[in-house]
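J.: Chains as they are written, first to last, in numbering that gives the first Met the number 0: chain A, 0 to 262; chain B, 0 to 395. Input: one structure, supplied below.
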Amino acid sequence: MFWLVVAYLGSLATMFASAFWTVDSFTGNIVRHFNFGNFQILFTQSVYRVIAVRSLTVAVLVTLFDALIAIPIAFFMAKVLSQRLRNFAIVIIILPLWASYLVKTYAWRTMFSDGGVLVWLLKPFHINPPGYGLFATTLTLAYLWLPYMILPIYAGLERLPDSLLEASSDLGASAGKTFRQVIIPIIYPSIIAGSLFTFSLTLGDYIVVKIVGGKSQLMANVVYDNVGTAGNLPFAAAAALFPIATILGYLYFVRRSGALENF
Amino acid sequence: MLRSKRLIAVTSAASAALLIMAGVAATASSAASVPKVPMASTLGKGEGALNIVIWAGYAENGSNDKTADWVHPFEKATGCKVNAKVGNTSDEMVTLMKSGGYDGVSASGDATLRLIYGGVVAPVNTSLIPNYATVSSFLKNKGWNSVGGQMYGVPHGWGANVLAYNTSVVKPAPTSWGAVFDANSPYKGKITAYDSPIYIADAALYLMKTKPSLGIKNPYALDNTQFNAVVALLKTQKNIVGEYWSDASKSIQSFESKNTLLGTAWQYNVNVLTSDKKVKVGAIVPKEGSTGWSDTWMIAAKAAHPNCMYKWMNWIISPKVNAQVAEWFGESPSQTKSCSFTADKNFCTSYHATDAAYAKNIYYWTTPTSACLDGRTNVTCKDYAAWTQAWTTIKG
């Protein structure tokens with residue numbers, strides 16, 4: 000346990016420290032000289048603000064989208080299916096996680112391409128689907144992270160006794176009211192747990208946007224480009240603090256709202 | 000609870016110690032001088048293994064195509080077991096070489112100087128490489144592969160970045176790079192560009208030929224005014240670009256699905272597209288000339304298997320192997336004697352392999368530095384770090 004914490008938090012601390020260094024622009028060797036140059040660039044150049052806002056928006060949309068799809072699926076699994084079918088459904092939900100992330104992303108690339116299946120499907124409705132871009136990125140990410148949202152919500156719903164739902168309806172509550180006032184408060188911590196996955200995974204992803212994002216880029220691409228392309232590890236470290244700070248802020252907000260008290 | 004608090008205290012202490020250690024290790028910025036790295040003077044027996052960083056297609060072992068195999072014969076002849084790691088971009092190659100563990104690399108001109116000045120690679124004793132003597136002379140002792148007359152590697156091959164276009168849609172056929180920079184292009188949204196800061200040079204080359212008033216002499220030496228003009232052109236180009244490509248397979252797939260109709264490509268991509276026969280693709284070197292690459296095999300300063308690396312350098316530029324790899328990848332061989340070994344007898348002619356005048360019209364990838372590469376001393380130029388940051392801004 001001790002070594003795990005040292006290795007884990009220690010490496011985060013090293014990353015934090017290196018964010019204050021710079022690189023020699025020509026040889027690419029790291030210059031260990033404490034300064035705020037990287038943060039100055041990140042905060043003063045408008046392009047990084049634009050990218051940060053874009054990344055946040057995509058992360059929020061992916062989370063909302065996943066929550067909207069996951070709640071009915073999880074409810075159906077936990078409350079409608081028989082025990083045997085329930086286990087089968089869990090296997091089906093987890094199954095896509097066995098396939099390579101890249102294969103799934105490239106499959107979406109093919110679907111979004113000109114003459115791909117999406118164009119063909121929407122043609123009768125005279126809808127021209129948007130090609131590669133942020134919409135394709137959001138949809139692909141939502142697809143990729145969906146199991147991470149379904150499973151916690153399913154676990155939460157499984158603990159919800161059927162008698163509570165019956166009591167609610169016996170007392171005259173409509174289905175909508177039961178959903179709002181009984182189900183949602185009980186699975187709220189599960190939704191938060193799922194959203195932590197979808198939110199943080201989206202903020203850290205740079206591959207999907209490279210494959211289906213057309214000419215767009217997210218904050219993780221800035222990190223990647225500065226590691227892989229420029230060899231500018233200190234700047235990448237500084238940029239990588241953005242998702243960490245965002246997630247920490249989100250966790251703090253969740254804690255303050257008391258959502259995790261009974262979790 | 001108490002236990003976890005103690006843990007946190009211990010960890011913060013450890014992190015603080017790390018920070019202090021980092022402070023102690025602080026060193027001043029190194030000046031732009033070449034670090035002294037010893038050069039091999041004699042060659043011994045092979046060490047039995049070789050770890051190299053390569054461009055895709057430079058070390059084929061027959062797994063892609065049974066006829067393309069020059070790794071197994073090498074292993075048989077020298078006993079050096081080859082372990083090749085593909086680097087997708089020059090920048091990735093520099094990072095891989097810096098991380099250590101590799102004996103050599105096939106570096107392009109935008110990586111070589113960074114490796115030399117970073118002390119990552121060693122000078123090469125060309126007298127230990129018999130095949131070096133017959134390498135095209137216009138590739139020897141160049142700015143991107145040598146410093147002060149000392150070679151830092153052996154030339155592997157070279158080629159131009161071409162303008163590829165879908166011949167059944169793009170009519171009339173383009174003759175100028177203007178086709179990918181025209182804000183009112185009829186192919187808006189179907190144009191592609193290379194996703195790397197080095198692509199800034201392509202726009203610089205176009206402006207160098209079409210806007211002489213900017214006074215660009217070398218697309219890799221841009222002062223502030225020139226650089227801003229180039230960045231502005233690329234920002235306009237972004238409006239007509241459909242996607243940026245960084246790996247060859249993505250570019251090929253995009254051409255095949257007709258998401259891309261024209262844009263910069265490697266000859267390799269065009270060759271694959273031609274052999275796949277899904278779309279008809281033409282490729283030209285436009286009238287402005289082209290950016291291009293000239294690759295150099297370099298040996299790591301801390302190579303664990305230096306003898307095997309020297310044997311590899313001699314092997315890869317031997318007439319027959321150099322012909323094989325050049326034909327497989329779609330580039331000009333560096334070895335003059337290769338031309339009689341190519342499967343396609345016209346290969347060297349169509350690739351202008353020994354045509355020094357043609358080679359001159361290609362502006363090889365070079366690392367931009369703050370000391371202007373075109374020799375101007377009254378201004379400072381934008382260095383590669385500035386190019387990288389600008390590239391992020393261009394993509395927005």
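Where a beta carbon is used, it is the ideal one built from N, C-alpha and C, also for glycine.
Return the residue from the list Glu-242(B), Lys-249(B), Lys-216(B) and Val-33(B) that minimises the CA-CA distance to Cys-371(B).
T.: When each option's Cα is compared against that of Cys-371(B), the closest is Lys-216(B).
J.: For Val-221(A), which residues in chain B fall below 7 Å Cβ to Cβ?
T.: What Val-221(A) touches in chain B: Thr-391.
J.: Could you give the distance in angstroms between the alpha-carbon of Ile-51(B) and the alpha-carbon of Ser-105(B)?
T.: Distance between the alpha carbons of Ile-51(B) and Ser-105(B): 8 Å.
J.: Measuring only the C-alpha atoms, how far is Ala-244(A) from Ala-192(B)?
T.: Looking at the two C-alpha atoms, the distance is approximately 34 Å.
J.: Find the residues of chain A that neighbour Glu-46(B), judging by a C-beta separation of less than 9 Å, and give them in chain order.
T.: Going along chain A, no residue has its Cβ under 9 Å from Glu-46(B), so there is no contact; the nearest lies around 28 Å.
J.: Quick check on the burial criterion: 16 or more other C-beta atoms within 10 angstroms. Buried or exposed for Ser-293(B)?
T.: Ser-293(B) comes out buried.
J.: Under 8 Å between C-beta atoms, does Ser-256(B) make it to chain A?
T.: Output row for Ser-256(B): interface = yes.
J.: Checking the sheet assignment: what are the DSSP bridge partners for Met-150(B)?
T.: In DSSP, Met-150(B) forms a bridge with Ser-145(B).
J.: Would you mind stating whether Ala-460(B) and Leu-114(B) have Cβ atoms separated by less than 8 Å?
T.: Coverage of chain B is limited to positions 0 through 395, which leaves residue 460(B) absent and any answer about it impossible.
J.: Within the continuous alpha helix (DSSP H) that includes Asp-275(B), where are the two ends?
T.: Run containing Asp-275(B): 266-275, per the alpha helix (DSSP H) assignment.
J.: When DSSP labels each residue in this structure, what does Met-297(B) get in the three-state scheme?
T.: Of the three classes helix, strand and coil, the one that applies to Met-297(B) here is strand, per DSSP.
J.: Using a threshold of 7 Å, is the CB atom of Gln-334(B) nearer than that to any non-hydrogen atom of the ligand FAD?
T.: Only the bare structure without any ligand can be found here, which leaves the ligand FAD out of the picture.
J.: So, do the segment 219-229 of chain B and the segment 371-390 of chain B have three or more beta carbon pairs nearer to each other than 8 Å?
T.: Yes, they touch.
J.: Note down, in chain order, each residue of its chain lying with its Cβ closer than 8 Å to the Cβ of Ala-30(B), except the 5 sequence neighbours on either side.
T.: Caution applies to Ala-30(B), whose pLDDT of 40 falls short of 50 and renders its modelled position unreliable; the value that the coordinates give is listed next. So no residue of the chain qualifies.
J.: Does DSSP put Ile-243(A) in a helix, a strand or coil?
T.: Looking at Ile-243(A) - three-state DSSP - the assignment turns out to be helix.
J.: Using only the alpha-carbon positions, how far apart do Ser-10(A) and Thr-94(B) sit?
T.: Taking the straight line joining both Cα atoms gives about 19 Å.
J.: Could you check how far apart the C-beta atoms of Val-207(A) and Thr-139(A) are, in whole angstroms? I think they sit under 8 Å.
T.: At roughly 5 Å, the Cβ-Cβ gap stays under 8 Å, so Val-207(A) and Thr-139(A) are in contact.
J.: Taking its Cβ as the centre, do 16 or more other Cβ atoms sit within 10 Å of Met-0(A), making it buried, or is it exposed?
T.: Label assigned to Met-0(A): exposed.
J.: Ala-163(B) touches chain A at which residues, Cβ-Cβ below 7 Å?
T.: Near Ala-163(B) there are no residues of chain A at all, since even the closest Cβ is about 17 Å away, more than 7 Å.
J.: Could you check if Lys-122(A) is buried or exposed, using at least 16 other CB atoms within 10 Å of its CB as the buried criterion?
T.: It is exposed - the Cβ of Lys-122(A) has fewer than 16 other Cβ atoms within 10 Å.
J.: Using a Cβ cut-off of 7 Å, pull out every chain B residue sitting near Asp-204(A), in sequence order please.
T.: The premise fails here: Asp-204(A) is roughly 16 Å from chain B at the closest Cβ pair, so nothing lies under 7 Å.
J.: Using a threshold of 8 Å, state whether the C-beta atoms of Trp-20(A) and Pro-233(A) are closer than that.
T.: The answer is yes: Cβ separation under 8 Å.
J.: Whole angstroms are fine: how far does the CA of Ala-12(A) sit from the CA of Ala-6(A)?
T.: The straight-line gap from Cα to Cα measures roughly 10 Å.
J.: In terms of residues, what are the limits of the alpha helix (DSSP H) holding Gly-132(A)?
T.: No alpha helix (DSSP H) holds Gly-132(A); DSSP gives it neither H nor E.
J.: For the segment 55-128 of chain A, list the beta strand (DSSP E) runs that are entirely contained and at least 3 residues long, ordered along the chain.
T.: Those beta strand (DSSP E) runs which fall completely within the segment 55-128 of chain A and span 3+ residues do not exist here.
J.: Would you report the Cα separation of Lys-381(B) and Ala-219(A), rounded to the nearest angstrom?
T.: Computed Cα separation, rounded: 25 Å.
J.: Is the separation between the beta-carbon of Val-161(B) and that of Ala-264(B) shorter than 8 Å?
T.: Cβ distance < 8 Å, so Val-161(B) and Ala-264(B) count as in contact.
J.: Quick one: give me the first and last residue of the beta strand (DSSP E) that Glu-91(B) is part of.
T.: Unbroken run through Glu-91(B) is the alpha helix (DSSP H), 89-98; no beta strand (DSSP E).
J.: So if I threshold CB-CB distances at 7 Å, which residues from the segment 48-66 of chain A count as touching chain B?
T.: From the segment 48-66 of chain A, only Val-49 have a Cβ closer than 7 Å to chain B.
J.: For His-32(A), tell me which candidate among Ile-149(A), Ala-237(A) and Val-22(A) has the shortest Cα-Cα distance.
T.: Out of Ile-149(A), Ala-237(A) and Val-22(A), Val-22(A) has the C-alpha closest to the C-alpha of His-32(A).
J.: Measuring alpha carbon to alpha carbon, tell me which residue in Val-4(A), Pro-146(A), Tyr-249(A) and Asp-169(A) is nearest Ile-294(A).
T.: Residue numbering for chain A in the displayed model covers 0 to 262; residue 294(A) lies beyond these limits and cannot be assessed.
J.: Give me the Cα-Cα distance between Gly-114(A) and Trp-390(B), rounded to the nearest whole angstrom.
T.: Near 31 Å, if we compare the C-alpha coordinates of Trp-390(B) and Gly-114(A).
J.: By the 10 Å Cβ neighbour count, where 16 or more other Cβ atoms means buried, how is Val-123(B) classified, buried or exposed?
T.: Result: buried.
J.: Use the C-beta contact count for Lys-249(B): other C-beta atoms within 10 angstroms, 16 or more gives buried, fewer gives exposed.
T.: With 16 or more Cβ atoms within 10 Å of its Cβ, Lys-249(B) is classed as buried.
J.: What is the DSSP secondary structure of Leu-396(B), counted as helix, strand or coil?
T.: What is shown of chain B runs 0 to 395, which leaves residue 396(B) out entirely.
J.: Let me know if Val-23(B) comes out buried or exposed under the rule of 16 or more other beta-carbons within 10 Å of its beta-carbon.
T.: Confidence is the limiting factor: at Val-23(B) the pLDDT is only 34, short of 50, which leaves the residue's position unreliable and the question unanswerable from this model.
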